[in-house]
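To start, the structure under review is shown below, and the notes come after it.
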Amino acid sequence: MARTIAIANQKGGVGKTTSSINLAASLAAMKKRVLLVDMDPQGNATMGSGVDKHGIERSVYDVLVHRAPVHLITQRAPEGGFDVLPANSDLTAAEVELLDIEHKERRLRTALQEVAGLYDYILVDCPPSLNMLTLNALVAADGVLIAMQCEYFALEGLSALVSTINRIGESVNLPLRIEGILRTLYDPRNSLTNDVSAQLHGHFGDLVYRTVVPRNVRLAEAPSHGLPAMYYDRHSRGAKAYMALAGEVIRREEKRQQESQQPVTSD
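Take 1 as the starting number for the sequence shown in UniProt numbering and just add one per residue.
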């Protein structure tokens, strides 16, 4: 069964979509079966994966609103080696149309359960706000990967996001947990970056990924070519960082599975 990871941050411009695309490609390069779900009406994860959002006939909107089967909507990323559940501006209407639907926050979860056996990882790229689309992603997820810059205001936003994750975990999605915290646009020459990074380690400990994603021109250029960084310039620092992150994600999942299989002993 797939492990579903929502990649989220209520703040925009933190490398969330870049992380979604490149983590999907890196996991696929490690022979994992991956589905990337684009839950942002901007469709940036769709376009950055090489799928033309203007040319698709149906999208995740149809999955959420009309219960279209996921396997009929997904498309193959031309170069990435993973599947994409695409999005475009149609998704904007889903928020309004979902309001009057019963169990509206569970629509994505229910839809993904039908294909969970086809993948090892399902990554969900969330919009940069807490709305019905993000709520659907968080309810569908087993864990949340938080992408964030190491700056002062990011810490304030992180606190609000963690609070949201905890509330959803306590109410509508009991297994939900923080999967990990990924430091993006990382510049070790900046003293504030180092200070915030130290605070993250102090508060979240091992939840902070060892991998950091640096500011990297090639990483920023890749989406305009519809390519993950590893297929645009596999020697770039950004591409190497996401391969390292994929390795961490896989090792954490293997450790989690091993621990869950250990027999429970009683005193």
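All C-beta atoms, glycine included, are put in the ideal place defined by N, C-alpha and C.
If you look at ASP142, you'll find it isn't in any alpha helix (DSSP H); DSSP assigns it neither H nor E. Distances from the alpha-carbon of ASP40 to those of THR17, ALA29, LYS31, LEU23 put THR17 closest.
Secondary structure note for VAL70: its alpha helix (DSSP H) is the uninterrupted segment 70-73.
In summary, LYS31 is exposed, with fewer than 16 beta-carbon neighbours lying within 10 Å of its beta-carbon over all protein chains present. Listed in chain order, the alpha helix (DSSP H) runs fully inside the segment 48-93 are 60-66, 70-73, counting runs of at least 4 residues.
DSSP links GLN149 through a beta bridge to THR184. At least 9 Å separates the beta-carbon of ALA6 from that of LEU174.
Secondary structure of TYR232 (DSSP, three-state): helix.
For the pair ALA8 and CYS150, the CB atoms are not nearer than the 9 Å cut-off.
Taking C-beta separations shorter than 6 Å and ignoring five residues to either side along the sequence, the partners of ALA25 in its chain run GLY80, PRO228, MET230, following chain order. Listed in chain order, the beta strand (DSSP E) elements of length 3 or more contained wholly in the segment 3-44 are 3-8, 34-38. Assignment of beta-bridge partners to ILE122 by DSSP yields THR4, LEU35. Per DSSP, ARG252 lies in no beta strand (DSSP E); the unbroken alpha helix (DSSP H) holding it starts and ends at 237-261. When the beta-carbon positions are compared, ASP233 and ARG215 stay at least 9 Å from each other.
With respect to LEU135, ASP83 sits apart: the two C-beta atoms are not nearer than 9 Å. With a minimum length of 3 residues, the unbroken runs of beta strand (DSSP E) contained wholly in the segment 165-209 fall at 177-186.
The DSSP-derived three-state label of PRO223 is helix.
A straight-line Cα-Cα distance of about 43 Å links ARG189 and ARG106. Sequence-distant Cβ neighbours of LEU27 in its own chain, meaning closer than 6 Å and more than five residues away, are VAL34, TYR121, ALA246.
Your pair ALA87 and THR46 checks out as a contact, with CB atoms roughly 6 Å apart and the cut at 8 Å. Among the bridge pairs identified by DSSP, PRO214 is matched with TYR186. Taking C-alpha positions only, ALA68 is separated from ALA137 by approximately 17 Å.
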